[in-house]
Amino acid sequence: MARGTRFLPLKTVKDSNAVVKLRQSWSKYNLYNFSRITANTLRGRNFFQTKWKTKSLTRDYHGYQVRERIWERMFSRRLRSVIPMSPEYLAVNDGSNESAGRGSGVVQSAKATTKKLPIPYMQMTYAPLERRLDTAVFRAMFASSIRQARQFVIHGSVKVNGKRMQYPGYLLNPGDMFQVVPDRVMYAAGQPKVNIAVRKAQAQVEAENAEEDAAQAEEEPPVIEAAAEEDVDDVRDPRDVLKELQSQAKTILASPRENIGAKRKQDLRAFTKSIRRLLSRSKSDTIHTDSLEAQFAEIQNQLQIRRDNKAAATTTSAAAESSAATSSPSTGESISTTTTTDAKAQAVTGSILSDSEYSELFAALQSMQENPVDEAKPYATPWMPRDYMSAFAFIPRYLEVNHNICAAVYIRHPVARPGLAEVPTPYNEFTNSSAFTWYLRRR
Numbered sequence: 034m035a036r037g038t039r040f041l042p043l044k045t046v047k048d049s050n051a052v053v054k055l056r057q058s059w060s061k062y063n064l065y066n067f068s069r070i071t072a073n074t075l076r077g078r079n080f081f082q083t084k085w086k087t088k089s090l091t092r093d094y095h096g097y098q099v100r101e102r103i104w105e106r107m108f109s110r111r112l113r114s115v116i117p118m119s120p121e122y123l124a125v126n127d128g129s130n131e132s133a134g135r136g137s138g139v140v141q142s143a144k145a146t147t148k149k150l151p152i153p154y155m156q157m158t159y160a161p162l163e164r165r166l167d168t169a170v171f172r173a174m175f176a177s178s179i180r181q182a183r184q185f186v187i188h189g190s191v192k193v194n195g196k197r198m199q200y201p202g203y204l205l206n207p208g209d210m211f212q213v214v215p216d217r218v219m220y221a222a223g224q225p226k227v228n229i230a231v232r233k234a235q236a237q238v239e240a241e242n243a244e245e246d247a248a249q250a251e252e253e254p255p256v257i258e259a260a261a262e263e264d265v266d267d268v269r270d271p272r273d274v275l276k277e278l279q280s281q282a283k284t285i286l287a288s289p290r291e292n293i294g295a296k297r298k299q300d301l302r303a304f305t306k307s308i309r310r311l312l313s314r315s316k317s318d319t320i321h322t323d324s325l326e327a328q329f330a331e332i333q334n335q336l337q338i339r340r341d342n343k344a345a346a347t348t349t350s351a352a353a354e355s356s357a358a359t360s361s362p363s364t365g366e367s368i369s370t371t372t373t374t375d376a377k378a379q380a381v382t383g384s385i386l387s388d389s390e391y392s393e394l395f396a397a398l399q400s401m402q403e404n405p406v407d408e409a410k411p412y413a414t415p416w417m418p419r420d421y422m423s424a425f426a427f428i429p430r431y432l433e434v435n436h437n438i439c440a441a442v443y444i445r446h447p448v449a450r451p452g453l454a455e456v457p458t459p460y461n462e463f464t465n466s467s468a469f470t471w472y473l474r475r476r
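Pasting the structure below:
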């Protein structure tokens, strides 16, 4: 069960002397509180007050969705750690010197005199919480907060070893694989949709602009609109359709993806509509579900597009020049006539695109297919990562994550090693050691 309402809001505290509480969340307010955390709040306190305050601070970050009674049963004073061993030394020696108990001797080698980093054992105080399923989902960057990860688990969007797991407190074992529904991950890590008030304001502005355009159109002389009202895509020249697609592709690629405005969405919709019309003419029934290369090949077939091969063109022109130099003037007239005929046939049969134009059209089609505009999704489309996400983008060592399929493997339990503890925590070793002392039974 969740704690009281005083733990739910995530606020910024402007008083520099106030205690800043941190959460396992990607919120911008939480990021601001991260930048203001200091160790001066523990000054002037006795030993008991220090233990109490550090326990309160660390519990607000580590597993604040877990009841204190449950955490006390999970707490363990045995902290896991490893000592890195040199494989070269292990291959040469059998360990008889160490087992004899003679010590390392007075004279030591240069490698032995190097400074050894201490092992931060106290940073592993809350290591048992990292085994929880909701914590692992958050650490794998499948949710924007520990609360959201818990919600995903309870609502049945998380599977462990292929079976649905609806218990956020499930303890993972080494080798367990968990996966989240991709739509949930895209919703958690993507930009939120524009709220209703802003959407209504934008619709009102667009309606006013449409009225102004209609008023200007009425003042202009009338134009025959019969041809515009009919769907004449079947009788249009493929070269005209190609020019239109090229202009739309340049517009899509020129506009930055960070600024998703109404104009970019309109361009994407128009480009998508044109591509679907071209693909609908295909004789294949599975063209809409085929790969990107197959669809692009069908578009080339429909528009009679050919790619400009510069190497072949250079070779052909060089051969033509050499043959023209050795031929007589009478044959020159026939060559010019043949060249003119080939140019006319080329203009009739299709269009030749340069490498840059070919790449632009393919990139626009790829952008449309990989990241389409879909108003039915609960997140903003085309998809973009949410703001301030880069500050929290890290994966612990004990997880192996594949974001392409939204799955991860809990490789092993987190351990401490010289100079490094694998449990992510924003607090220093003194704060965690005081909290560890509080949870010892003999205090």
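First residue of the sequence shown? That's 34 in this note's numbering, and the numbers climb one at a time after it. Don't be surprised by glycine CBs; every beta carbon is placed ideally from N, CA and C. From a predicted model like this one, the values you see are computed outputs, not experimental measurements.
{"Item": "Tyr62: first and last residue of the uninterrupted alpha helix (DSSP H) it sits in", "Value": "Lys61 to Ser68"}
{"Item": "Any alpha helix (DSSP H) of 4 or more consecutive residues that is wholly inside the segment 102-183", "Value": "120-125, 129-133 and 166-172"}
{"Item": "Under the three-state DSSP convention, the category Arg450 falls into", "Value": "strand"}
{"Item": "Nonlocal neighbours in the same chain, by C-beta distance under 6 Å from Val115, ignoring five residues either side", "Value": "Val448 and Arg450"}
{"Item": "Buried or exposed by the 16-neighbour rule on C-beta atoms within 10 Å, applied to Asn292", "Value": "Reliability fails at Asn292, whose pLDDT of 48 lies under 50, so the model's placement of it is uncertain and no value is given."}
{"Item": "Rounded Cβ spacing between Val186 and Leu205 (contact assumed at less than 8 Å)", "Value": "The pair is not a contact, with the Cβ atoms about 12 Å apart (cut-off 8 Å)."}
{"Item": "For Ala441: DSSP bridge partner residues", "Value": "Phe211 and Val434"}
{"Item": "Top-ranked residue by Cα proximity to Asp420, from Glu251, Tyr62, Pro411 and Lys192", "Value": "Tyr62"}
{"Item": "Outcome for Thr458 when other beta-carbon atoms lying within 10 angstroms are tallied against a minimum of 16", "Value": "buried"}
{"Item": "Among Glu131, His446, Cys439 and Tyr122, nearest to Met174 - alpha-carbon criterion", "Value": "Cys439"}
{"Item": "Nearest-angstrom Cα separation, counted from Pro411 out to Tyr154", "Value": "43 Å"}
{"Item": "Limits of the unbroken alpha helix (DSSP H) element including Lys86", "Value": "Phe80 to Tyr94"}
{"Item": "DSSP state of Lys233 mapped onto helix, strand, coil", "Value": "helix"}
{"Item": "Residue span of the beta strand (DSSP E) that contains Lys410, given as start and end", "Value": "Careful: Lys410 lies outside any beta strand (DSSP E) and carries neither H nor E."}
{"Item": "Buried or exposed (CB count within 10 angstroms, at least 16 for buried), Ile103", "Value": "exposed"}
{"Item": "Close-in-space but distant-in-sequence residues of the same chain around Thr91 (CB under 8 Å, 5 per side omitted)", "Value": "Thr158, Tyr159, Thr458, Tyr460, Thr464, Asn465 and Ala468"}
{"Item": "Anticipated Cβ contact below 8 Å, Phe108 with Pro161, distance rounded", "Value": "7 Å"}
{"Item": "Backbone CA spacing between Leu432 and Arg76 [nearest angstrom]", "Value": "37 Å"}
{"Item": "Bridge partners - Arg197, DSSP secondary structure assignment", "Value": "Lys192"}
{"Item": "Close Cβ partners of Val52 (< 6 Å) along its chain, the five nearest in sequence each way excluded", "Value": "Thr74"}
{"Item": "Buried versus exposed, by CB contacts within 10 Å (16 or more), Asn228", "Value": "exposed"}
{"Item": "Terminal residues of the alpha helix (DSSP H) in which Tyr472 lies", "Value": "Glu462 to Tyr472"}
{"Item": "Of the listed residues Ile179, Ala413 and Ser68, nearest to Glu487 (C-alpha basis)", "Value": "The displayed coordinates of the chain run from 34 to 476. Any statement about residue 487 would go beyond what the structure contains."}
{"Item": "Which of helix, strand or coil DSSP assigns to Leu204", "Value": "strand"}
{"Item": "Nearest residue (CA-CA) to Asp407, options Ala240, Asn79, Pro418 and Lys226", "Value": "Lys226"}
{"Item": "Own chain, CB closer than 6 Å to Tyr203, minus 5 neighbours either side, in chain order", "Value": "Leu166"}
{"Item": "Where Thr71 falls, given that 16 or more other Cβ within 10 Å makes a residue buried", "Value": "exposed"}
{"Item": "Beta-carbon proximity check, Lys148 vs Tyr94, cutoff 9 Å", "Value": "no"}
{"Item": "Presumed contact (8 Å Cβ cut-off) between Gln212 and Lys196, rounded CB distance", "Value": "That belief does not hold up - the Cβ atoms of Gln212 and Lys196 are roughly 11 Å apart, past 8 Å."}
{"Item": "Under 9 Å between C-beta atoms of Ser177 and Ser68", "Value": "no"}
{"Item": "Buried versus exposed call for His188 [16 or more other C-beta atoms within 10 Å across all chains shown]", "Value": "exposed"}
{"Item": "Alpha-carbon to alpha-carbon, Leu112 and Glu131", "Value": "25 Å"}
{"Item": "According to DSSP, residues forming a beta bridge with Ser58", "Value": "Ser178"}
{"Item": "Same chain only: Cβ atoms within 7 Å of Gln199, ignoring 5 sequence neighbours per side", "Value": "Val186, Ile187 and Gly189"}
{"Item": "Backbone CA spacing between Gln235 and Ala409 [nearest angstrom]", "Value": "19 Å"}
{"Item": "Nearest candidate by alpha-carbon position, reference Gly208, set His446, Arg474, Gly452 and Glu462", "Value": "His446"}
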